[in-house]
Amino acid sequence: MQVHVVKSKIHRVKVTGADLNYIGSITIDEDLMDAANIIEGEKVQIVNNNNGERLETYVIPGPRNSGEITLNGAAARKVAKGDVLILIAYGIMELEDAKNFKPSLVFPNEETNLLK
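Going by our numbering, the first residue of the sequence shown is number 763, and it counts up by one from there.
Printed below as a string of structure tokens:
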């Protein structure tokens, strides 16, 4: 049996932008992506702590050490600049492997979105 488990999480980052006219996705500071073991194009779940919205999209890298968290395309309607998000990526693995798996959890500075 295979199960879905949390592979990566970026906990409590602030939205820095929302670009409705972009074709889609979420732009994430590449330093945060690396720290959380998230790759370009990977599907992520976005949980908005301010309004309860949950959505899925794919990741594109943003400039390193920028703290950028920008929702693009239709997802831009689900956030406001300054909203606090949790970003989660899941993996699929065998049940026995999942029991010992340790996800990459990142807790950036809540004011700047930068790694501490």
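Idealized CB from N, CA, C, for every residue including glycine.
Determine the closest residue to residue i out of the options, with distance taken between C-alpha atoms.
i: residue 848; options: 855, 861, 814 and 854; result: 814
i: residue 803; options: 818, 797, 810 and 811; result: 818
i: residue 766; options: 797, 806 and 840; result: 806
i: residue 785; options: 798, 837, 864 and 857; result: 837
i: residue 783; options: 839, 831, 816 and 773; result: 839
i: residue 843; options: 831, 853, 827 and 877; result: 831
How about residue i and residue j: do their beta carbons lie closer than 8 Å?
i: residue 860; j: residue 770; result: no
i: residue 821; j: residue 800; result: yes
i: residue 780; j: residue 868; result: no
i: residue 857; j: residue 795; result: no
i: residue 792; j: residue 824; result: yes
i: residue 870; j: residue 809; result: no
i: residue 875; j: residue 845; result: no
Under three-state DSSP, which class holds residue i?
i: residue 824; result: strand
Whole-angstrom Cβ separation of residue i and residue j, contact assumed at under 8 Å?
i: residue 789; j: residue 829; result: So it is not a contact: roughly 11 Å between Cβ atoms.
Requested in this report: Please specify which runs of the alpha helix (DSSP H), each continuous and at least 4 residues long, are wholly inside the stretch 838–865, giving them in chain order.
Outcome: Counting whole runs of 4 or more residues, the stretch 838–865 contains the alpha helix (DSSP H) stretches 857–860.
Query raised in the report: Of all the alpha helix (DSSP H) runs that stay within the bounds of the stretch 764–805, which reach a length of 4 or more residues?
Result: Within the stretch 764–805, the complete alpha helix (DSSP H) runs of at least 4 residues are 792–798.
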